[in-house]
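Protein chains in written order, with the numbering used here: chain G, 49 to 395; chain F, 49 to 395; chain E, 49 to 395; chain D, 49 to 395.
Structure, rendered in structure tokens:
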């Protein structure tokens, strides 16, 4: 039984980790960490877990946790994981960090976009970017996993095969992303109130969202050269789900839907959690809700020589907690889909 | 492996049966029945099942189905199950009817409220009302289960212990129920369009909703005498969930919260799917979403000598498909919670 | 031109006052009071007013305001208006208080339910309860108006004619109310976050909501004797709207829908803002959204000898700002519907 | 008093025309045309108009209507207006067509994208494209107005000044649009059901939506040469509102926010219904709901040499009925904003 500690268990991503791990045959949560609810019953914070979780919230004490757990998930704001991690901890326990601290290889880029001094740059090199479908073999032996962002997972997975195979010009890539409101977290901010979000849609973080360099870095690896993209997130009045609509110029205007399908199949053919949709089908976020799936579809706009790629996932599952569990499974030799076989909930 | 056939698999309750049964260790769906989508891929009707269900929709041929299946779920409009069932079928296969055909013991009451002639009144006596927590032992050996309605399950379970123990006057019982829109089904009706439901709430079927006599019949058994209640359903702009707020006069004004708790504990103490909330906690439908739980809370209004009982469940799970699977588990000697151990999804 | 000051202009009710007064032919807002946004542009707080309102938010200085305005609306938390009002202010300016400070005639009841010491009990007697359809003639000459609560307006208007004419037993009255989330205000509370409200419904303040004594007091006047009721509010995932479903025993079981209609017509026959629905029609909150209408329907439950009354209004309009403007019109001799002729917005 | 007839008054755009015209000082609706509800009370179809509209729905008889009305709005599916219009009608009455029949000057393009034979191509030349801010002077004397589409109005108005002044390369223009569900109409389609739309987002009509050539035609006029764009609409779980996020390469990478502002000001400086947002502000659809405003903001993405333009409007108002009334005002010499001075409703 894998003993799991969660730092930040009372955020939405933390609570989703709990949901998934309760259904995992070989994992047990031993530490519900929380800064705000110490000594309170976890099930009083998330009443969906009434009668399912009897634990009390505990402080975010990573040293103590390292003694009790086999793996620690840090579902916390940026900067916390980097400020706590050290060699002693890493020698005892695996860490899966759901924050951005170890996602970017260039510490200067991190500090510029996140406006934070990085407290543990010495581990950046070692950390493995936990996008399972791309980095599976690097993940298995790692100690420290940088679990990808929700927008990032959707964006990279949708564009990766076409960039990798040179079918699109990556510098023309424009990613227009739409997210449900759990992506904004459980913090008390005016813009997250029901009446401010409901019945409205808006863009935010335009040309400045912090997931941008993360997307660029990973697509640069695929392209074999630096890539610069436009990325615009939007807030949608729904709880869960990310939809990415991405636009790029084809390198060859004669490319067909089937040509691109072949590329997607080559890269993702055996992937359980990536569903390549049939021709003419556009993904909808509701079709993946509650599950670890990413649905990907695409269409060629002949008139403009562009492809429009669409991808949907549940930001709390494949975009956060589900991918984190998938990483845990890889780290501990579990079946990769253990705890993640849930069918999407519709409607 | 229990072989399952679903008649009406393309309605919302049918689709939820699929979701739950995909996670059931010892059940396999062998027949996806549908009147509207015959010969189409089931996963084209519900794209959340893309790559999960490869089956094609088949006609609603109960005779053929009885040869292939061990149990048939009929998730169809009223009247269909009664028109199809016969001795030969019942000799081969168990039937769990999610419609109202066999819920009421008095065929005249059925015909009055449903405006339908009952086609198989000879099976009414034999049919067992499948409210598992109340009728568990009668369910196990049955051939034909009348799976309770969604409003009914919530209403009966919330009031049953207090009626049974004579703590409330059942004739003062007023049930004000609120339902998510999946309860209205997937039919093409103007009042079910997004823009007609969204941002609005209304009562409907006032003093005439067909779940009323079903609630009355079951509470009459508990009371040991005929009971007449007021029942008002409302449509709420959300997908899933039923909340019941029930009002009744206490038979003794000195009764306390703890006195009622004791009654609830006596009736439901060991029940896994009934969660009796702590004092001061009101149920919310989101806390049970996607799960088979019923959450029940209550408060005494001293000034008026009334109790206000509140109960929440997911209308597609404990209010339909989940309870149906629970019944199947009882019929086939499976653990009662097999396939139903899902934690609620929040948010 | 009536010069208007608003204290609490940056809450939802305050912002709705602005919307309505911008369309009022004979009113001009001279003071946008706010505790939190002093010196900021009002249109930066509510960007819907960009290019429509150029004013800056000012402090909540009632003395200064009394020099500049003809009428002051206080759309503030309980206690503020009572703490500010005095004889000098009342000699210069009319006050329409949207808080509860002057709604209850018995100061002890106020202090018990609101857990506040009343700072100006000497004005309670003078204050007129601003339910225009009931107290129109008392309102016209008043200096201080206690603008009714949103739940209260809906509840009283729906039951008043039947209580007044003795057609129902007021002690059997049970009011089950459902409100949109603007009713919870713009404060930063966890339970008001989008993801906490969306896709869920719950009761709150059960048997303890502070609008209860306000409803009881007004219905007691109608009944000619003290009345005690049960009142349960619910939070609904929508922005605006209150629906009341009220249950009461008829004093004579032979009363018909038409008998009750006659009573409603006698009390409300000429009222522009009360729409008595046709037989068989149930109100929906969306049909009154954005308007000052109250829609009332009712149905007799013969089997139980009860009437079920349903009423819908927009909590920010007839339930707050619209009624306040209606009161202002009465105070200043304007046509009662000036600024309030807006048709409901659907969908 | 302008006498108005509406063909298609029972669709959402038709119902919105009613709402706006009820508040118009100098217009009176004399004909509520409807194919589906002939002889029924209009207020039974849209109960928000109970007590406000007493009229009965009448057939869509344009000849008879031309005798009674000064102006006819056709808020009907494509093809109907073209099949009814003729010289005699146009000699008696002005026509404002909310369908696409007269929006495209090239009949072949119309027939290709709409898969319809055009029944009155002889009037295409005469028809004026009713985008008031661009074509104001041509509209005033016209007989036949082609009222622009909702996506089109948002798209064109947002990009027009930058295309016109050569600040962006129009062939790089990518328009990612998001619409509320009223845009899908009131027809009974599975994909418009509440539970199918709610809690989900999807793209549709990718690279094939019929508003594409309309946007291209108008931007081609601005550019002085043919323009080809990518346009992708999305369905958002909300009632009203369109948000456009448009991407284009700047022709000069040194252009600043202020340079673009100057261009917008030159083109739209005096326009009442176009609100150019301050630097750093992104539009939200809720800020314009119920009003005739278009809010436009933009941001420069220095790293990519692109501008991201964002624009929001209410699809039923400025995107349909509001613009139609604005056109009517121009045709009849009314103040352009008569009936359209409504402040946006928030929340």
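The C-beta atom is built at its ideal place from N, Cα and C for all residues, glycine as well.
- Residue 295 (chain E): member of the beta strand (DSSP E) spanning 290 to 297, first to last residue.
- In the structure shown, residue 221 (chain G) adopts coil according to DSSP, grouped into three states.
- For residue 324 (chain G), the enclosing beta strand (DSSP E) stretches over residues 322 to 324.
- No Cβ-Cβ contact shorter than 9 Å links residue 203 (chain E) with residue 310 (chain E).
- Taking a Cβ-Cβ threshold of 8 Å, the residues of chain F close to residue 291 (chain E) are 249, 250, 251, 282, in chain order.
- Going by DSSP, residue 101 (chain E) is part of no alpha helix (DSSP H) at all; its letter is neither H nor E.
- Under the DSSP assignment, residue 380 (chain F) falls in the alpha helix (DSSP H) whose first and last residues are 370 to 380.
- Taking a Cβ-Cβ cut-off of 7 Å, the neighbours of residue 347 (chain E) in chain F comprise 254, 255, given in sequence order.
- Cβ neighbours of residue 125 (chain G) within its own chain (closer than 7 Å, five residues either side excluded): 147.
- Counted as a single uninterrupted DSSP element, the alpha helix (DSSP H) harbouring residue 92 (chain E) occupies residues 90 to 93.
- Contact annotation: in the stretch 90 to 101 of chain G, residues whose CB is within less than 8 Å of a CB in chain F are 94, 95, 96, 97, 98, 99, 100.
- In the structure shown, residue 354 (chain G) adopts extended strand secondary structure according to DSSP, grouped into three states.
- Restricting attention to F:369, F:222, F:243, F:320, the CA atom closest to the CA of residue 70 (chain F) is found in F:369.
- Against chain E, a Cβ distance below 8 Å from residue 335 (chain D) picks out 95, 96, 98.
- Residues of the same chain with a CB within less than 8 Å of the CB of residue 320 (chain E), apart from the 5 flanking positions on each side, are 384, 385 in chain order.
- Under DSSP, residue 227 (chain E) shares a beta bridge with E:283, E:290.
- Between residue 266 (chain G) and residue 158 (chain G) the beta-carbon gap is near 14 Å, outside 8 Å, which marks them as no contact.
- Put simply, the backbone Cα of residue 332 (chain G) is about 56 Å away from that of residue 175 (chain E).
- Put simply, the stretch 184 to 199 of chain G does not touch the stretch 337 to 353 of chain G. Fewer than three CB pairs are less than 8 Å apart.
- In the assembly as shown, residue 86 (chain G) is an exposed residue. Its beta-carbon has fewer than 16 other beta-carbons within 10 Å.
- Burial check for residue 170 (chain D): the Cβ neighbour count within 10 Å stays below 16, so the residue is exposed.
- Boundaries of the alpha helix (DSSP H) around residue 140 (chain D): 135 to 140.
- In this structure residue 274 (chain E) is exposed. Its beta-carbon is surrounded by fewer than 16 other beta-carbon atoms within 10 angstroms.
- Among the residues of the stretch 347 to 378 of chain E, those with a Cβ less than 9 Å away from any Cβ of chain F are 347, 348, 349, 350, 351, 352, 354, 356, 358, 360, in the order of the chain.
- Assignment of residue 122 (chain G) by DSSP, reduced to helix, strand and coil, places it in the strand class.
- Nearest neighbour of residue 207 (chain D) by Cα position, chosen from D:279, D:364, D:99, turns out to be D:279.
- Nearest CB-CB separation between residue 224 (chain D) and chain G: below the 9 Å threshold.
- For residue 332 (chain D), the C-beta contacts it makes with chain G under 8 Å involve 248, 249, 250, in order along the chain.
- Annotated three-state conformation of residue 249 (chain D) is coil, per DSSP.
- Taking a cut-off of 8 Å on C-beta distances, the stretch 87 to 96 of chain G does not touch the stretch 257 to 265 of chain G, as fewer than three cross pairs fall below it.
- A distance of 9 Å or more separates the beta carbons of residue 55 (chain E) and residue 137 (chain E).
- Among the residues of chain E, those whose CB is under 7 Å from the CB of residue 295 (chain F) are 222, 278, following chain order.
- Contact with chain E is found for residue 395 (chain D), since one of that chain's Cβ atoms lies less than 9 Å from the residue's Cβ.
- Each residue's CA atom was taken as its position, placing residue 300 (chain G) and residue 199 (chain G) some 28 Å apart.
- In the DSSP assignment, residue 76 (chain D) falls within the unbroken beta strand (DSSP E) covering 75 to 81.
- Taking the CA atoms as reference points, residue 252 (chain G) sits about 11 Å from residue 293 (chain D).
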